[in-house]
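Numbering (my numbering), first residue to last: 1 to 114.
Note that the Cβ used here is the ideal one computed from N, Cα and C, for glycine as well.
Structure first, commentary second.
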């Protein structure tokens, strides 16, 4: 079986220890193909939205609520995840849930914060 790359589920800076373990184990096993790590663009800390999302992916609800309550922007949350996951060994990312009408601008704002 061969592949050009692999995709992960959604991860964030709150799952950094698990990502570090995964990257270390993949290297130990000789996985040579690149991984694309999923990062979700949380637009707000709306409790109803976060609870709905939790049915589909791991959502650090309390942590996100605290970050947004401190005034952290969605772009800052996403950039922090990418920065910390890169420090954990992840090299490639995809970002889910960018606003359709403003995806390029939003992505650039995230990149500018990395």
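Proximity of residue i and residue j at Cβ, strictly below 9 Å
i: residue 96; j: residue 37; result: no
i: residue 47; j: residue 6; result: no
i: residue 45; j: residue 27; result: no
i: residue 15; j: residue 58; result: yes
i: residue 89; j: residue 8; result: no
i: residue 39; j: residue 93; result: yes
i: residue 65; j: residue 50; result: yes
Which residues DSSP lists as bridging residue i, in chain order
i: residue 10; result: 38
Three-state class that DSSP yields for residue i in the structure shown
i: residue 111; result: helix
i: residue 26; result: helix
i: residue 31; result: coil
i: residue 18; result: helix
is_contact[residue i, chain C] using C-beta, thresh 9 Å
i: residue 3; result: Chain labels in this structure do not include chain C; a single protein chain is all it has.
*Can we say the region 79-92 touches the region 4-21, given the rule of at least three CB pairs closer than 8 Å?*
yes
_Minimum length 4: unbroken alpha helix (DSSP H) runs contained in the region 34-108_ = 47-54, 61-69 and 74-87
*Tell me, please, whether the region 105-113 touches the region 71-82 by the rule of three or more beta-carbon pairs shorter than 8 Å.*
yes
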